[in-house]
Structure formats: C-alpha cells, structure tokens
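Scroll down for the structure; my scribbles are underneath it.
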Amino acid sequence: MSIASVPLPAAPRNGSPVPELTSIHSTLRRGEYGSHNYPGNCGGYLIRDLLRYFDVQKVFDPMSGSGTCRDVCQELGIECFSADLHSGFDCANADQVRSAGEFDFVWLHPPYWRMKRYSDDPRDLSTAPTLPRFLEALSQVIVNCRDVLQP
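Residue numbers for the sequence shown follow the working numbering, beginning at 1 and rising by one.
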C-alpha cells in the first residue's frame with residue numbers, strides 16, 4: 001500500500017464557526033474568486049474560511065493581484081480595502097498604508113522573489129536585485145500592515 005492511498009483521518013469536530021478549518025486546509029477546487037490565470041495566486045476557499053473563523057469585519061488586502069480576497073469579501077459582505085502597485089498603491093510606503101485606515105484582518109500574499117516578475121516598477125518586490133533587499137522591503141510591508149491592525 002502506498003502512502004498516497006492511505007486516507008487522512010476526518011477533521012476533528014470543534015466549536016469553531018469553521019469546524020473543517022484545522023492545521024491542514026485542502027480543497028479540490030480553488031473557487032470562482034479572482035483570476036485562475038493569475039500566476040501565484042491562492043484559492044479563495046482558504047481566505048473565506050479564515051475570514052469566517054476570525055469573524056472579520058474589515059480586511060486590508062494591499063497586494064490584491066487578481067482580486068481573490070476582494071471577491072471573497074464581496075461574497076461574505078465584508079468591507080475590504082483591496083489595491084496594489086498596478087492601481088498605484090505601494091504597501092511599502094507607510095504613509096499610503098496608514099491613509100487606508102484601520103483593519104481587523106490583513107490578507108498579505110506577496111510576490112515570490114525572482115520566481116515571477118510582476119512588473120518593471122522598482123517598488124515591486126519581485127524586482128528586488130538581491131534576497132536581502134527583497135527581505136528588507138518585505139519586512140517594511142509587514143510592519144506597515146501590522147501598524148494598521150486594530151488592537
């Protein structure tokens with residue numbers, strides 16, 4: 001018997017509003033959120049389940065890409081600030097991020113350094129010339145996101 005044929009145990013039932021959300025999240029499909037052709041995006045079901053689990057009211061999505069998080073928020077009736085460099089929003093710019101307001105959840109799905117170049121914009125993390133520069137810029141983005149989270 002191969003490992004691939006061994007069934008996983010059923011997810012434990014719990015008091016969560018999303019009982020199927022455990023340390024393993026797996027779905028057969030990605031959902032009808034965002035663009036399936038956008039490179040590197042994740043499926044909307046993970047975002048949906050996290051928003052339901054944390055009972056989110058207002059989401060910050062500063063690297064929106066094809067809009068997967070925005071689409072999930074729209075479906076759930078959750079307020080969402082969704083933008084990225086393509087719309088002129090630089091989440092590494094602390095002033096721009098602060099001007100977006102305060103949020104109780106941040107969905108951050110940054111680009112992968114050197115795996116896919118998203119633009120020629122020097123502010124685009126995927127254009128960082130070295131790994132240390134990428135990590136420095138990503139660290140600033142994370143700090144900026146932390147600073148707009150409500151306590």
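Ideal Cβ positions, reconstructed from N, Cα and C, are used throughout, including at glycine. Since this is a predicted model, take the numbers as computed values, not measurements.
Exercise for review: Leaving out five residues on either side along the sequence, give the residues of the same chain with a beta carbon under 6 Å from the beta carbon of Cys73.
Suggested key: By one-based count along the sequence shown, residue 73 stands at place 73. The residues Val59, Cys80, in chain order, have a CB closer than 6 Å to that of Cys73 in the same chain once the five nearest residues on each side in sequence are set aside.
Check your understanding: Closest by CA to Glu75, which one among Asn93, Pro62, Arg48?
Key -> Walking along the sequence shown from the start, residue 75 turns up at place 75. Checking every option, the nearest Cα to that of Glu75 belongs to Arg48.
Check your understanding: What are the partner residues of Leu149, as DSSP defines its beta bridges?
Key -> Working through the sequence shown from its first residue, we reach residue 149 at position 149. Note: Leu149 sits in a beta bridge opposite Phe103.
**Study point:** Exposure of Phe54, with buried meaning 16 or more beta-carbon neighbours within 10 Å
**Key:** In the sequence shown, residue 54 corresponds to position 54, counting from 1. If you draw a 10 Å sphere on the C-beta of Phe54, you find fewer than 16 other C-beta atoms in it, and that means exposed.
Review point. Between which two residues does the beta strand (DSSP E) containing Glu75 stretch?
Key: As a working mapping, residue 75 is identified with position 75 in the sequence shown. Not the beta strand (DSSP E): Glu75 falls in the alpha helix (DSSP H), residues 68-76.
Point to revise | Coarse secondary structure for Val143, derived from DSSP in three states | key: Residue 143 sits at position 143 when you count from the first residue of the sequence shown. Here DSSP, grouped into helix, strand and coil, assigns Val143 to helix.
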